[in-house]
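These notes are about the structure you will find just below.
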Amino acid sequence: MIHGVVNANLEATIPLHVVSPNGLRQEITAIIDTGYNGALSLPHATVIALALMPSAPRMVTLGDASQRVLDFYTANIHWEGQVRRIRVLCVEDSPLVGTVLLQGYKLEVAFTPGGAVALTPLSSYPPGSSP
Amino acid sequence: MPQTKYTNEEIGRIGTEIYRRQIRPQVMPQYKGKFLILDIASGDYEIDEDDTSAEERLRVRRPDGVFFGLRIGYTSAYTLAGRMIEEEP
Numbered sequence: 007m008i009h010g011v012v013n014a015n016l017e018a019t020i021p022l023h024v025v026s027p028n029g030l031r032q033e034i035t036a037i038i039d040t041g042y043n044g045a046l047s048l049p050h051a052t053v054i055a056l057a058l059m060p061s062a063p064r065m066v067t068l069g070d071a072s073q074r075v076l077d078f079y080t081a082n083i084h085w086e087g088q089v090r091r092i093r094v095l096c097v098e099d100s101p102l103v104g105t106v107l108l109q110g111y112k113l114e115v116a117f118t119p120g121g122a123v124a125l126t127p128l129s130s131y132p133p134g135s136s137p
Numbered sequence: 013m014p015q016t017k018y019t020n021e022e023i024g025r026i027g028t029e030i031y032r033r034q035i036r037p038q039v040m041p042q043y044k045g046k047f048l049i050l051d052i053a054s055g056d057y058e059i060d061e062d063d064t065s066a067e068e069r070l071r072v073r074r075p076d077g078v079f080f081g082l083r084i085g086y087t088s089a090y091t092l093a094g095r096m097i098e099e100e101p
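Residue numbers (the working numbering), protein chains in the order written: chain A, 7 to 137; chain B, 13 to 101.
Have a look at this one:
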């Protein structure tokens, strides 16, 4: 189970540890964005600080429905005691957690500043009660 | 990913052109929704449900390739807009 908090802007956030190929490690606070169907986005400064390995650029649909070819990188994250290798989209914004990382989890958010955010693995639910 | 002389805009333009002209007729509709990683230098490509796997397989075969990623049947590989837009026939 992963715990986070709703911030003063009413954004549901969770803490994440991102690890670079050479072992650099940084804790970030990422906003859960169900409109993003990738894994994670990070701003350029974080990508540089962690010396992440470049990946193939990919076409991305932006918030205004326009399309752009944007840079992607490879990173490892610590996720529930395991290391996951993921693709990271580089955009100048707060870090975003997308639905690739939410897959297989139930998301519960108390939408009030300071409210609890919880990601619960669906497999931990008794059979038949999973959505 | 090797250094490349191409800008992202050029990679997107060349990659989209190769995809539409040479690849799409062979992969649509049976692979719709899967990721496609394309080497715009050779035209070689890999398809997978997981775009990390597709890219890593192609990198083994094309270590110096200039890669571009998209999702078959859609206008982009990923969206920040809450919905994927289907490509025009």
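Positions of the beta carbon are idealized from the N, C-alpha and C atoms, including for glycine.
Only a predicted model underlies this, so the values are computations on that prediction, with no experimental measurement involved.
So residue i contacts chain E; which residues on that side make the cut at Cβ distance below 9 Å?
| i | result |
| --- | --- |
| A:Val89 | Absent here is chain E; the protein component of the structure consists of chains A and B. |
Quick check on residue i - is its C-beta less than 7 Å from some C-beta in chain B?
| i | result |
| --- | --- |
| A:Thr19 | no |
| A:Leu68 | yes |
| A:Gly44 | yes |
| A:Val75 | yes |
Let's see if you can read the secondary structure: which residues bound the alpha helix (DSSP H) around residue i?
| i | result |
| --- | --- |
| A:Ile54 | His50 to Ala55 |
| B:Thr16 | B:Thr16 -> no alpha helix (DSSP H), and no H or E assigned at all. |
| A:His107 | Here residue 107 of chain A is Leu; the residue named in the question, His, does not match the sequence. Unbroken alpha helix (DSSP H) run through A:Leu107: Thr105 to Leu108. |
| B:Pro37 | Arg36 to Val39 |
| B:Glu68 | Asp63 to Arg73 |
For my contact list, residue i and residue j are in at a C-beta cut-off of 8 Å; report their separation, rounded to the angstrom.
| i | j | result |
| --- | --- | --- |
| A:Asn28 | A:Ala57 | 6 Å |
| B:Asp51 | B:Gly77 | 3 Å |
| B:Glu12 | B:Tyr86 | Past the edges of chain B, shown from 13 to 101, lies residue 12 of chain B, and the structure says nothing about it. |
| A:Val12 | A:Ala18 | 5 Å |
Does residue i come out as helix, strand or coil in the three-state DSSP assignment?
| i | result |
| --- | --- |
| B:Ser54 | coil |
| A:Ser136 | For A:Ser136, the predicted model reports a pLDDT of 41, less than 50, meaning its position is unreliable; a value from the coordinates is still stated below. Three-state DSSP puts A:Ser136 in coil, outside helix and strand. |
| A:Leu46 | strand |
| B:Tyr43 | coil |
| A:Thr118 | coil |
| B:Ser88 | coil |
| A:Leu128 | helix |
| B:Glu29 | helix |
| B:Ile23 | helix |
| B:Val78 | coil |
| B:Asp60 | strand |
Counting C-beta neighbours from all protein chains within 10 Å, is the total for residue i 16 or more, i.e. buried, or is it exposed?
| i | result |
| --- | --- |
| A:Arg31 | exposed |
| A:Pro101 | buried |
What first and last residue would you give for the beta strand (DSSP E) that runs through residue i?
| i | result |
| --- | --- |
| A:Leu76 | Gln73 to Trp85 |
| A:Pro21 | Ala18 to Val25 |
| A:Ile34 | Arg31 to Ile38 |
Using a Cβ-Cβ distance cut-off of 7 Å, determine whether residue i contacts chain A.
| i | result |
| --- | --- |
| B:Ser88 | yes |
| B:Ala66 | no |
| B:Gly55 | no |
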